[in-house]
Amino acid sequence: MNEEQIIEIASYSNAVGTIIAAIGEVRSLMGIDGQNVLLSIIGDALQALSGFLGGIITSDEELCFAGNWITGVGAGAASAASYLAMLDQLTEEEALRLNILGDTLQATGDTMCTITSWEAGDERITFGNAAQALGAKLRGIGGTLILKGDERTGQRLSTLGAILQAIGANSNAFYELSDLSTERARTSIYS
Numbered sequence: 401m402n403e404e405q406i407i408e409i410a411s412y413s414n415a416v417g418t419i420i421a422a423i424g425e426v427r428s429l430m431g432i433d434g435q436n437v438l439l440s441i442i443g444d445a446l447q448a449l450s451g452f453l454g455g456i457i458t459s460d461e462e463l464c465f466a467g468n469w470i471t472g473v474g475a476g477a478a479s480a481a482s483y484l485a486m487l488d489q490l491t492e493e494e495a496l497r498l499n500i501l502g503d504t505l506q507a508t509g510d511t512m513c514t515i516t517s518w519e520a521g522d523e524r525i526t527f528g529n530a531a532q533a534l535g536a537k538l539r540g541i542g543g544t545l546i547l548k549g550d551e552r553t554g555q556r557l558s559t560l561g562a563i564l565q566a567i568g569a570n571s572n573a574f575y576e577l578s579d580l581s582t583e584r585a586r587t588s589i590y591s
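The structure is reproduced here in structure tokens:
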């Protein structure tokens with residue numbers, strides 16, 4: 401598998417994962433029960449896959465390279481927390497605390513990639529990375545509020561955060577895949 405294919409898979413995985421997670425959060429905010437935990441597990445697992453795939457691309461700057469791994473660990477922790485809670489292996493509070501940790505790690509990793517893209521002068525990717533970082537931060541704050549008993553405000557912030565993550569991930573996927581497509585077209589013209 402070459403680097404372009406890894407970028408494609410990571411982009412699609414992150415885009416789809418954030419949409420699935422956002423759907424679960426919106427459903428929870430609306431009071432729709434059932435399958436929300438499963439949506440969270442799947443969405444966060446796809447985001448983790450994306451982070452780990454991004455972490456094997458060696459052309460990335462060192463800061464974003466590390467950021468991708470941190471993001472992958474954070475999304476993986478969030479997915480594992482939901483999964484273990486679903487199996488009654490964690491209490492609701494334990495799962496929420498692990499989710500908050502996962503969101504915090506995602507925010508840290510995404511912030512590292514935001515700095516890298518900003519320093520590289522890539523405003524399009526900077527926007528997407530910053531939206532993902534802010535979204536993960538809001539999800540972490542929302543989880544903290546839920547833990548402290550403010551379910552309504554916490555769920556609102558978590559939902560807003562998930563939507564921002566989806567906007568950022570899909571914005572980045574659009575630009576990364578457009579750039580790959582343009583590069584392939586140039587390469588085939590000169591071949």
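Counted the way this note's numbering counts, the sequence shown spans residues 401 to 591. No residue lacks a Cβ here, since even glycine has one placed at the ideal position from N, Cα and C.
- A direct Cα-Cα distance of roughly 19 Å separates Gly-472 from Ile-563.
- In the structure shown, Glu-461 falls within a coil segment according to DSSP collapsed to helix, strand and coil.
- Straight through space, the alpha carbons of Thr-491 and Ala-480 are spaced by roughly 13 Å.
- Under the 8 Å Cβ criterion, the segment 543 to 553 does not count as touching the segment 576 to 584, having fewer than three qualifying pairs.
- Distance check between Gly-434 and each of Thr-582, Gly-424, Ile-470 places Gly-424 closest, using alpha-carbon atoms only.
- Ala-520 and Thr-526 have their C-alpha atoms spaced approximately 9 Å apart.
- Restricting attention to Ile-406, Thr-582, Ser-558, Ala-448, the CA atom closest to the CA of Ile-500 is found in Ser-558.
- The beta carbon of Ala-530 is closer than 6 Å to those of Thr-514 in its chain, skipping five residues each way along the sequence.
- Considered as a whole, the segment 441 to 506 harbours 462 to 486 as its complete alpha helix (DSSP H) runs of no fewer than 4 residues, in chain order.
- When rounded, the separation of the alpha-carbon atoms in Glu-494 and Glu-403 is 38 Å.
- When only Cα atoms are considered, Gln-532 and Thr-587 end up about 32 Å apart.
- Taking 8 Å as the cut-off, the beta carbon of Leu-560 is found no closer than this to the beta carbon of Leu-545.
- Sequence-distant partners of Cys-464 (beyond 5 residues in either direction) whose C-beta falls short of 7 Å from its own C-beta, in its chain, are Met-512, Cys-513, Thr-516.
- Just so you know, the alpha carbons of Ile-470 and Val-426 end up roughly 26 Å apart.
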